[in-house]
Amino acid sequence: EITLPELQDTALDISPISTPCTFRLLDCRRYIDDQTVVIYETSSIPQIPYSAVSYPWVGNPCHYFAPADGSTFKVMQDVGRLGDPISTELLRLACVLSVQEGANFLWLDRLCIRQMDRADKAWQISRMCDVYRLCQLSIILPGGLQRLVGLDEETPWATRMWTLQEALVPSKGLVLY
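Using our numbering, you'd call the opening residue of the sequence shown number 659 and step up by one each time.
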């Protein structure tokens, strides 16, 4: 576990503290109540209620300078590369919606896949259809993880091959603008 203030000066990499080829879920209650990132692992597809987030890997950019007050954090993507920042408020919103749907856990590939481990990525990708099919709710963020977008903004979400399955296979989806 790591608190949001601790993430302010570093990029998150779960590889050293996680087991390859396992499913991982973010604890929404701990994130909402304690502002702490706690990720649980399980060897099989989770049988507990969880939500999954669908978003474009590179989302719409923020049109302002992001303050260094812990409002975003980054996750190591590949050796020496960082993915788009994750808005702590947008992640909190996703967790609140998940909990309101009766799912205290959230699957977000950026957080739940060992981004520095090619074998884990391949293992996770081969099971992604099941992750979305079995989720309680698919939370769709068309503008990415940095911010919500307006209805009048174009986003890369609809141009991604993955998003078709992320929108169609879950029993319920919610698009956030």
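Glycine included, every Cβ here is placed at the ideal spot set by N, Cα and C.
Quick caveat: nothing in here was measured; it's all calculated off a predicted structure.
Item to check | residue 820 - DSSP class collapsed to helix/strand/coil | outcome: Reading the sequence shown from its first residue, position 162 is the one you call residue 820. Helix.
Item to check | Simplified DSSP state of residue 825, which is helix, strand or coil | outcome: Looking up residue 825 in the sequence shown gives position 167. Reduced to three states, the DSSP call for residue 825 is helix.
Checklist entry - Among residues of its own chain, excluding the 5 on either side of residue 756, which ones have a beta-carbon nearer than 8 angstroms to its beta-carbon? => result Here residue 756 corresponds to residue number 98 of the sequence shown, with the count starting at 1. Once the five neighbours on either side are set aside, the close Cβ partners of residue 756 are 686, 708, 709, 762, 763, 764, 794, 795, 797.
Item to check | contact_flag[the segment 696-706, the segment 670-688] where n(CB pairs < 8 angstroms) is 3 or more | outcome: yes
Next on the checklist: Going by DSSP, what residue range makes up the alpha helix (DSSP H) through residue 664?
Outcome noted: Against the sequence shown, residue 664 aligns to sequence position 6. Looking at the DSSP string, the run of the alpha helix (DSSP H) that includes residue 664 is 662-665.
Item to check | Residues bridged to residue 733 (per DSSP) | outcome: Here residue 733 refers to the residue found at position 75 of the sequence shown. Beta-bridge pairing links residue 733 to 670.
Checklist entry - Which first and last residues belong to the alpha helix (DSSP H) in which residue 690 is found? => result If you number the sequence shown from 1, residue 690 lands on position 32. Taken as a continuous stretch (DSSP letters only), the alpha helix (DSSP H) holding residue 690 covers 686-692.
Item to check | Secondary structure of residue 830, DSSP reduced to three states | outcome: Here the question's residue 830 lines up with position 172 in the sequence shown. Three-state DSSP puts residue 830 in coil, outside helix and strand.
Checklist entry - For residue 676, which of helix, strand or coil comes out of DSSP? => result The residue given as residue 676 occupies position 18 in the sequence shown. Coil, per DSSP.
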